[in-house]
Amino acid sequence: MNLTDPKTLSDFLSHHGVAARKGLGQHFLCSPSAVSAVVGRLDGIEGVLEIGPGPGVLTGALCDAGKKVIALEIDAEMAALLPESAPCASVLRIDALKADLAEILQRLPQPCAVVSNLPYYITAPLVSAIANARQHYAKSVLMMQKEVGERYLARPGERERGSISVYLQALFGIKKVANVPKGAFLPPPKVDSLILEFKPLPEANYEEPFFRFVREGFTQPRKTLVNNLSAHNRLRVEEALTELGLSSTIRPHELTLPSWTKLFEAICQ
Numbered sequence: 002m003n004l005t006d007p008k009t010l011s012d013f014l015s016h017h018g019v020a021a022r023k024g025l026g027q028h029f030l031c032s033p034s035a036v037s038a039v040v041g042r043l044d045g046i047e048g049v050l051e052i053g054p055g056p057g058v059l060t061g062a063l064c065d066a067g068k069k070v071i072a073l074e075i076d077a078e079m080a081a082l083l084p085e086s087a088p089c090a091s092v093l094r095i096d097a098l099k100a101d102l103a104e105i106l107q108r109l110p111q112p113c114a115v116v117s118n119l120p121y122y123i124t125a126p127l128v129s130a131i132a133n134a135r136q137h138y139a140k141s142v143l144m145m146q147k148e149v150g151e152r153y154l155a156r157p158g159e160r161e162r163g164s165i166s167v168y169l170q171a172l173f174g175i176k177k178v179a180n181v182p183k184g185a186f187l188p189p190p191k192v193d194s195l196i197l198e199f200k201p202l203p204e205a206n207y208e209e210p211f212f213r214f215v216r217e218g219f220t221q222p223r224k225t226l227v228n229n230l231s232a233h234n235r236l237r238v239e240e241a242l243t244e245l246g247l248s249s250t251i252r253p254h255e256l257t258l259p260s261w262t263k264l265f266e267a268i269c270q
């Protein structure tokens, strides 16, 4: 069954009397090239945790590629379709935001990966949950709204850079896999998407106080870092910036990850 064909997918859904639910942010991928882009990043991966499989378009392709798949699906109607579209997958009717992802990942053969066509309305908390389980998988391949993906990729000096950019880049090597146009989904969303690959960095040893400091530094992204770090001694902040060879008027999006690290150590430790 080739559910990457829009008509076949539409007929499959109609046959079962189900449709995408707006309240769950459902837009079902139906693009052979996008599915191939995801599966192509999983060479050497034995097990896959898929979050939000929907009717099983990507799930079926993962099964065909010989992966052991556990799929988390909150929608009962969609979960009921998966035994037909992806019979090899183990389906868990559970909210991914409430699931113990680390425990579920340990059920899979290693090395394993996380894949998801992320619902737009819960992208941020779901990415955080996946990041928190990073010690239990080799990589994650995630599809998301293009604007969000560009923020995750933003380099120092780029206006899109925010605290989430620093957070994710501190923990992962992030690569763009592919652009996915809105027409690759049924029903089509209003925006285009990106597929990104996240590989956990083994040397990453950042802890919550550092990320809290970074978030504080981005309180008002267009203001200077000195102003955003007003809870700290202003003179000490200015001195630390000078010691790092940085201007006292620098803004948070201009700092590199090493500069954030050294600034945190100079001010908070």
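Going by our numbering, the letters in the sequence shown line up with residues 2 to 270, in that order.
The C-beta atom is built at its ideal place from N, Cα and C for all residues, glycine as well.
Taking a C-beta distance under 8 Å as the contact criterion, residue 52 and residue 97 qualify as a contact pair.
In the structure shown, residue 69 falls within a strand segment according to DSSP collapsed to helix, strand and coil. Within the same chain, Cβ atoms closer than 8 Å to the Cβ of residue 10 are found at 4, 29, 31, 56, 58 and 187, the five residues on either side in sequence being excluded. Within the DSSP bridge table, the entry for residue 39 names no partner. Assignment of residue 64 by DSSP, reduced to helix, strand and coil, places it in the helix class.
Exclusion of the five residues before and after residue 267 leaves 241 as the residues of its chain whose Cβ lies within less than 6 Å of its Cβ.
With respect to the C-alpha of residue 211, the residue from 224, 168 and 201 having the closest C-alpha is 168. Each residue's CA atom was taken as its position, placing residue 262 and residue 6 some 48 Å apart. Of the residues assessed, residue 198 falls on the buried side of the cut-off, its CB having 16 or more other CB atoms within 10 angstroms. Within the same chain, Cβ atoms closer than 7 Å to the Cβ of residue 235 are found at 227, the five residues on either side in sequence being excluded.
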